[in-house]
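Peer 1:
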Amino acid sequence: MLAYSGGLDTSVAIPWLREAKGLDVVAVTVDVGQPVDLEQVRRKALASGAVAAYVADARREFAEEFILPALRANAQYEGVYPLSTALARPLIAKHLVSVARQEGATRIAHGCTGKGNDQVRFDLATASLAPELAVIAPAREWGMTREEEVAYAQRCGVSVNATRSSPYSTDENLWGRSAECGVLEDPAVEPPEEVYGWTRAPAEAPETPTYVTIEFDQGKPTALNGERAPLHGLIARLNEIAGANGIGRIDHLESRVVGIKSREVYECPAATVLIAAHQALEALVLPRDVLDFKRTVELRYAQLVYDGLWFTPLRSALDAFVRSTQERISGEITMKLFKGSSRVAGRRSPYSLYAAALATYSAGDRFRQEMAEGFIYVWGLPARTWAGLSPPTPAKAAAPRELLS
Ligand code: ARG
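Following numbering that gives the first Met the number 0, the numbering of the sequence shown begins with 0 at its first residue and continues without gaps.
1. Identify every run of the beta strand (DSSP E) within the stretch 313 to 352, keeping only runs that are complete inside it and at least 3 residues long; order them along the chain.
2. Looking only at its chain, what residues have a beta carbon closer than 6 Å to the beta carbon of R342, apart from the 5 residues adjacent to it on each side?
3. Quick one: Cα of R322 to Cα of F310, how far?
4. Could you tell me the distance, in whole angstroms, from the CA atom of A2 to the CA atom of A52?
5. Exposed or buried, Q118, counting other C-beta atoms within 10 Å across all chains shown (16 or more means buried)?
6. In terms of residues, what are the limits of the alpha helix (DSSP H) holding I234?
7. Using C-beta distances below 8 Å, list every residue in its chain close to E60, excluding the 5 sequence neighbours before and after it, in chain order.
8. Give the DSSP-derived three-state secondary structure of R365 in the structure shown.
9. Please identify the residue among N73, L16 and G21 whose C-alpha is closest to the C-alpha of K293.
10. Quick one: measure Cβ to Cβ for L37 and T28, integer angstroms, because I've assumed they're closer than 8 Å.
11. Between G258, L283, F215 and G242, which has its C-alpha nearest Y265's C-alpha?
12. Going residue by residue through the stretch 259 to 292, where are the continuous beta strand (DSSP E) segments of at least 3 residues, counting only ones entirely within it?
13. Can you look up P220 in the DSSP assignment and give me helix, strand or coil?
14. Are V289 and T333 closer than 8 Å when you measure CB to CB?
15. Identify, in the order they occur along the chain, each residue of the same chain with its Cβ nearer than 6 Å to the Cβ of N238, setting aside the five sequence neighbours on each side.
16. Determine, using beta-carbon pairs with one atom in the stretch 7 to 14 and one in the stretch 106 to 116, whether at least three such pairs fall under 8 Å.
17. Measuring CA to CA, which of T207, E18, V40 and L45 is closest to S4?
18. Which whole-angstrom value is the C-beta distance of D170 and T84, which I expect to be below 8 Å?
19. What is the rounded straight-line gap between the Cα of V256 and the Cα of V149?
20. Does DSSP put G175 in a helix, a strand or coil?
21. For a test of your reading of the model: does the CB of T84 fall under 7 Å from any non-hydrogen atom of the ligand ARG? Yes or no.
22. Taking the alpha carbon of E281 as the point to measure from, which residue in Y353, V211 and D56 has its own alpha carbon closest?
23. Please tell me whether, using a cut-off of 7 Å, the distance from the CB of T169 to the nearest non-hydrogen atom of the ligand ARG is below it.
24. With a CB to CB cut of under 8 Å and the five nearest residues on each side skipped, what residues in its chain are close to L303?
25. What do you reckon, are the CB atoms on Y151 and A301 nearer than 8 Å?
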């Protein structure tokens, strides 16, 4: 059961698995919102020698069961990467496992190399869901260069795309697009404009701001500009709107699970806007201590997703915590999109903790300012007690006995 994208690596994997391992290959392509013609991909799998080829539409499942928990956790690896690729891998593995069981397959295969994070995610997700299934990663074993792969493909009658001329390796799904390789491998060099596929350059974006209003229900985006939409549809629409405004470009020097530092360029327009909007709603609704503690959980959550630990008890436990913080995360956030920046313009919630009568400096102030003095007296007691003692002087404490007398 091969996770098949239609790219060079997974296409070459089909004849290689037969020649090197004597295996029949069933190709499974999972639709996670990548903008490619999946029927064409399916036909290419068969043309490359697969005995069967399936396409599974998992866009709704990806949005509801993978993206949504991550959004509720504001998950961003190393504070910047919304984990688009990382979130899709366990979902793809889940589909592979279920087709493998239907078809009685004995092995799961994927096209990942031995240097990346994706192998970790596929292998660990498979191990958690189906410990009885072995995993084969041809690209980890075959030791071919890109050029040798092309030659191998030609020898086996696997068609090599004309679009192969792109020097970048990309991955795309609803939650974002990633690009690696080519000139990006020099972290001192600014990514050239041609790297980007989803976003307009901020300088070329419209001269007037675009406002979008996002409605949330318990942390889940349910409507965009007043129009209700399923989450996967809402994300796809917002990718277009925010991308046109130059939003969501991320240039990150990333710490991979396997110890390598790598330069990654992402485009995550919808994720950028939705996470900022979700955080803004949380700031309005959640008490200070919950916000503060949740930030710790969010960092851990992002790291665990990155590290390929989606199907683990820690993720379930952290999800339970995050879920319990979302009961009141309902309301509306308006974002202002303008030339690459996405800022909160307005917020509203029936559960808002913001009380004008407490916050105002104008008429109608109900805050009892005279009570502040007593509060500060008690609150500051430890600091005052500490400050009231004279500090030990290190020279005296360390001085030898004779000098003191
Ligand atoms: N570095 C990112 C991650 O680990 C992106 C990986 C992209 N994968 C790919 N096969 N092109 O999630």
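Cβ coordinates follow ideal geometry from the N, Cα and C atoms, glycine included.
Peer 2: Taking the coordinates as given:
1. 330 to 337 and 340 to 347
2. K335
3. 17 Å
4. 10 Å
5. buried
6. L230 to A243
7. Around E60: L90.
8. Reduced to three states, the DSSP call for R365 is coil.
9. N73
10. L37 to T28, Cβ: 6 Å. Contact.
11. G242
12. Whole beta strand (DSSP E) segments, 3+ residues: 260 to 266.
13. strand
14. no
15. Within the same chain, Cβ atoms closer than 6 Å to the Cβ of N238 are found at P268 and A269, the five residues on either side in sequence being excluded.
16. yes
17. V40
18. 5 Å
19. Spanning the two alpha carbons is a distance of roughly 29 Å.
20. strand
21. yes
22. Minimum Cα distance to E281 is reached at Y353.
23. For T169, the shortest separation between its Cβ and any heavy atom of the ligand ARG lies below 7 Å.
24. W309, T311, L313, R314 and L317
25. no
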